[in-house]
Amino acid sequence: MISLGSIYLLFALGLSLTWGTIDILNFAHGAIFMFAAFTAYLVLDYVELPIIAVVLLSVLVGGLLSLIIQVLAFEQILKRARTKRSAEMQILIGGIGIATIPLAIAQHETKSNPFGLSRSTFDVNVWQFGDVRITNIAVITIIVGIALWAVTALWFRRSKHGLALRAIGVDSEVASLMGINRRQLALVTMAVAGGMAGLAGVLFTYTIGAIVPESGDVLLIKAFAIVILGGVGSMAGVAFGAFALAGVETWVLLNTSGSWTDAVAFGLIFLVLLARPSGVFGRKEVRRA
Amino acid sequence: MSSWYFGNLVLIQATMTGLLMALSVQVPLRMGVFSFAGVGSYGLGAYTAALLTIHLQLGSLQAILLAVVATSVIGLLLGLLIARLAGLYLAMATVAFDLIITVIAINGGTFTGSSTGLYGVLSDFTMPMMFTLTLIALGLVVLSEHGKVGRRVHAVRDDQQLAASVGINVRRYRLTAFVVSGALGGLAGAMNVMVRTTIGPLDIGFHLIVLALTMIIVGGAMSWKGAVIGAVIFTWMPTWLAFVGTWQHLIYGFIVAIAAVLLPRGIHGVFVDLTRAIQRRRRKPATPPPAESEPEPDLEPLMTGPTSGQATPPAGGSSSTSLLRGKA
Chain A
1 MISLGSIYLL
11 FALGLSLTWG
21 TIDILNFAHG
31 AIFMFAAFTA
41 YLVLDYVELP
51 IIAVVLLSVL
61 VGGLLSLIIQ
71 VLAFEQILKR
81 ARTKRSAEMQ
91 ILIGGIGIAT
101 IPLAIAQHET
111 KSNPFGLSRS
121 TFDVNVWQFG
131 DVRITNIAVI
141 TIIVGIALWA
151 VTALWFRRSK
161 HGLALRAIGV
171 DSEVASLMGI
181 NRRQLALVTM
191 AVAGGMAGLA
201 GVLFTYTIGA
211 IVPESGDVLL
221 IKAFAIVILG
231 GVGSMAGVAF
241 GAFALAGVET
251 WVLLNTSGSW
261 TDAVAFGLIF
271 LVLLARPSGV
281 FGRKEVRRA
Chain B
1001 MSSWYFGNLV
1011 LIQATMTGLL
1021 MALSVQVPLR
1031 MGVFSFAGVG
1041 SYGLGAYTAA
1051 LLTIHLQLGS
1061 LQAILLAVVA
1071 TSVIGLLLGL
1081 LIARLAGLYL
1091 AMATVAFDLI
1101 ITVIAINGGT
1111 FTGSSTGLYG
1121 VLSDFTMPMM
1131 FTLTLIALGL
1141 VVLSEHGKVG
1151 RRVHAVRDDQ
1161 QLAASVGINV
1171 RRYRLTAFVV
1181 SGALGGLAGA
1191 MNVMVRTTIG
1201 PLDIGFHLIV
1211 LALTMIIVGG
1221 AMSWKGAVIG
1231 AVIFTWMPTW
1241 LAFVGTWQHL
1251 IYGFIVAIAA
1261 VLLPRGIHGV
1271 FVDLTRAIQR
1281 RRRKPATPPP
1291 AESEPEPDLE
1301 PLMTGPTSGQ
1311 ATPPAGGSSS
1321 TSLLRGKA
């Protein structure tokens, strides 16, 4: 459960980061996640690689893909959009559109069959601690997930870049008047988010053995839910949302036949939205007349 | 003609249900309500109509009518429940609503046929009925885009506070959006199950949300014409792209991505711009040249005069003059 939560956390963190700051809700995030793992799978067909190399490769692919999407799609949309709200919509839809391209490639190459990373030199082992059985990849996932979240949260709160990003999140026009290079920051943020998606992709694939090209979509909806559950742009919120969703899902999975998992997860989100329309840790939307 | 009609009957039917489903997302969107609940209503309508036909042996029109009533009521209840959400939060809540319906369908046991779904929905539904119902629904949507209602819908979308201040009951309009969306989605689903005779949980998943959104985005989000264009394109594209074989999904993806990025108002928007440009070119020779240069003397003092600070926009004077001239 903690391992699942860490995967959710890594994936949703990137989504929340770009959405909460530069106002880009990237619906291609799931496709980036999937495609990074897919690239690793293709490369492993030719060379055997240790897990470190596989991870680095996926992070690189994820970051690069995210950058390309930002430059070719989202920047173009923002350039043409008339109002902020229409831009928001366009970006959402553009992301969905773009996501179909990597999905189509992966579906074509794998014939929509599951693919895994079993050809790397890394083997998944089970460790036994008393009654608790845990795999080495779960330990890695948990450590990486929580560490990266902590680093991001600190960076967001303490560093100059983090301050700039938060400023953009509150009021992008004033922020750029203060000398913040919005474009450059947006590119960095997108690359970091993409890298996180790639990392989550490869760790998830190791964890469950194999994924299908459509796995990214499923995770995307869940991440969207996690971000909303926790509150957009809140680092604590993402962690809360990720582990809450993973916890509820695991609990339902253990207590029912399993096919109810999604209904309970989404029912929960529905209820949270009714009680707190801006998420558990959400700040009140900054509105100017 | 008639052989073409019968050869493509399935696609013609799919175009109509696709169009109604796209409209069920487009109508709320036109009012600024970012709701995908229409897709859930599609699933609800399909299951309701199928159950009514199988268990109660109702006639097709009664089953469809009851399904539409049911989805409208559920749309209203949903609207009452989540009316205070806005933007993407509302979108997420409605996505959750859709997915919960899918999961209920999977877990419904023999009642909903679980993962295999319901089949053998045989009824007396005919094509003239389908055309008539589609045209009635489309006609009502078209009416809502014109006249007083159309203007009010515009007002509610563009500025809610402003709309409320001129006496428009914004809340009622937003609730109506949910009801209409539920009715359209329910109609689409019910009719689809009548012509297909089966419905399963796989037919109503997340991909249906993406499809509905894709149709109205590529077609155009602000007019029913856009929904028609989108429904036609995305129903028939697999046939047109058959020659590229297994790569058709990739081409499909490129078309969606390019349209989403480069055509903010969809293909319909491009048509509107083109016809405006053509009209303008036609009208130009008709207007005598003096009339064209006339505004300039009037405007020049305004631009440079002492009152310019209030009267003119901060943009460069020359560009706004040329803009005005273009319009005249």
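Chains A and B, in that order, give the protein sequences.
For what it's worth, the working numbering labels the leading residue of the first sequence as 1, then goes sequentially.
For what it's worth, the working numbering labels the leading residue of the second sequence as 1001, then goes sequentially.
Note that beta-carbon positions come from the ideal geometry of N, C-alpha and C, so glycine has one too.
Owing to the predicted nature of the structure, the values given are computational and were not obtained by experimental measurement.
(1) Return helix, strand or coil for A/V232, following the three-state DSSP convention.
(2) Starting from B/Q1013, follow its DSSP beta bridges and name the residues at the other end.
(3) Taking just the CA atoms, how far does B/L1143 sit from B/V1025?
(4) Looking only at C-alpha atoms, which of B/A1190, B/H1268, B/V1156 sits nearest to B/T1125?
(5) What does a CB cutoff of less than 6 Å around B/G1139 pick up in its chain, not counting 5 residues either side in sequence?
(6) Going by CA-CA distance only, name the one from A/M178, A/T256, A/T189, A/P213 that's closest to A/E109.
(7) Could you tell me the distance, in whole angstroms, from the CA atom of A/I22 to the CA atom of A/I168?
(8) Can you name, in chain order, every residue of its own chain whose Cβ lies under 7 Å from the Cβ of B/G1269, other than the five neighbours on each side?
(9) According to DSSP, is B/L1118 part of a helix, a strand, or is it coil?
(10) Between which two residues does the beta strand (DSSP E) carrying A/V188 extend?
(11) Are the C-beta of B/P1264 and some C-beta of chain A separated by less than 7 Å?
(12) Which residues, in order along the region 201–217 of chain A, keep a beta-carbon less than 7 Å from a beta-carbon of chain B?
(13) I'd like to know if A/D262 contacts chain B, where contact means its C-beta is closer than 7 Å to some C-beta of that chain.
(14) Does B/A1049 get closer than 7 Å to chain A when you measure Cβ to Cβ?
(15) Could you please give the first and the last residue of the uninterrupted beta strand (DSSP E) stretch that includes A/Q128?
(16) Could you tell me which of B/D1203, B/F1131, B/I1217 sits nearest to A/I96, measuring between CA atoms?
(17) Determine which residues of the region 140–171 of chain A have a Cβ less than 9 Å from any Cβ of chain B, and write them out in chain order.
(18) Counting only Cβ pairs nearer than 7 Å, list the residues of chain A close to B/R1084.
(19) Under 7 Å, Cβ to Cβ, is there at least one residue of chain B near A/Q90?
(20) Does the Cβ of B/S1181 have 16 or more other Cβ atoms within 10 Å, making it buried, or fewer, making it exposed?
(21) For B/L1066 versus B/L1052, is the C-beta distance shorter than 7 Å?
(22) Applying the 10 Å Cβ sphere with the 16-neighbour rule, what's the burial state of A/K222?
(23) Quick one, are the C-beta atoms of B/T1071 and B/G1045 less than 7 Å apart?
(24) Based on the DSSP output, what are the partners of A/G116 in its beta bridges?
(25) Would you kindly check if the distance between the Cβ of B/F1131 and the Cβ of B/G1087 is under 7 Å?
(26) To which residues of the same chain is B/G1305 closer than 7 Å at the C-beta, ignoring the five residues directly before and after it?
(27) Count the other C-beta atoms from every protein chain shown that fall within 10 angstroms of the C-beta of A/L92, then say buried if there are 16 or more, exposed otherwise.
(28) Assuming A/L219 and A/F33 make a contact with CB atoms under 8 Å, what is their CB distance in whole Å?
(29) Inspect the CB distances between the region 1266–1280 of chain B and the region 1221–1233 of chain B and report whether three or more fall short of 8 Å.
(30) Would you grab the beta carbon distance between A/A265 and A/A225 for me? Rounded to a whole angstrom, and I think it's under 8 Å.
(31) Since A/T135 sits in a beta bridge, which residues does DSSP pair it with?
(32) Which first and last residues belong to the alpha helix (DSSP H) in which B/S1223 is found?
According to the structure shown:
(1) In the structure shown, A/V232 adopts coil according to DSSP, grouped into three states.
(2) None; B/Q1013 has no bridge partner.
(3) Those two C-alpha atoms are separated by around 17 Å.
(4) According to the sequence provided, residue 1125 of chain B is Phe. The question's Thr does not apply to it. Closest by alpha carbon: B/A1190.
(5) Nothing listed; no residue qualifies.
(6) If we check each option's Cα against that of A/E109, A/P213 comes out closest.
(7) Cα to Cα, A/I22 sits roughly 6 Å from A/I168.
(8) Answer for B/G1269: G1220, L1263, listed in chain order.
(9) Strand, per DSSP.
(10) Looking at the DSSP string, A/V188 is not in any beta strand (DSSP E); the run it does join, the alpha helix (DSSP H), is 182–208.
(11) Closer than 7 Å to some Cβ of chain A, the Cβ of B/P1264 qualifies, so yes.
(12) From the region 201–217 of chain A, only D217 have a Cβ closer than 7 Å to chain B.
(13) So yes, A/D262 belongs to the interface.
(14) So, not an interface residue.
(15) From DSSP, the beta strand (DSSP E) with A/Q128 extends over 126–129.
(16) For A/I96, the nearest C-alpha among the options comes from B/I1217.
(17) With the criterion set as a beta carbon lying under 9 Å from some beta carbon of chain B, the region 140–171 of chain A has no members that meet it.
(18) Going along chain A in sequence order, the residues near B/R1084 (Cβ under 7 Å) are P277.
(19) Yes, A/Q90 lies at the interface with chain B (some Cβ there is under 7 Å from its Cβ).
(20) Classification of B/S1181: buried, given that the 10 Å Cβ count is 16 or more.
(21) Yes, they are a contact pair.
(22) The C-beta of A/K222 has 16 or more other C-beta atoms within 10 Å across all chains shown, which makes the residue buried.
(23) Result yes, Cβ atoms of B/T1071 and B/G1045 sit closer than 7 Å.
(24) Looking at the DSSP output, A/G116 shares a beta bridge with A/A210.
(25) B/F1131 is positioned such that its CB atom lies no closer than 7 Å to that of B/G1087.
(26) Model confidence at B/G1305 stands at a pLDDT of 40, short of 50, so the residue's coordinates are unreliable; what they give is reported in the following sentence. Excluding its 5 nearest sequence neighbours in each direction, B/G1305 has no C-beta neighbour in its own chain below 7 Å.
(27) So A/L92 ends up on the buried side.
(28) Yes, A/L219 and A/F33 are in contact; Cβ-Cβ is about 6 Å, under 8 Å.
(29) By the criterion of at least three beta-carbon pairs nearer than 8 Å, the region 1266–1280 of chain B is in contact with the region 1221–1233 of chain B.
(30) The Cβ separation is near 7 Å, so the contact holds.
(31) According to DSSP, residue pairing for A/T135 in a beta bridge involves A/V126.
(32) Premise fails: B/S1223 is in no alpha helix (DSSP H) and is neither H nor E.
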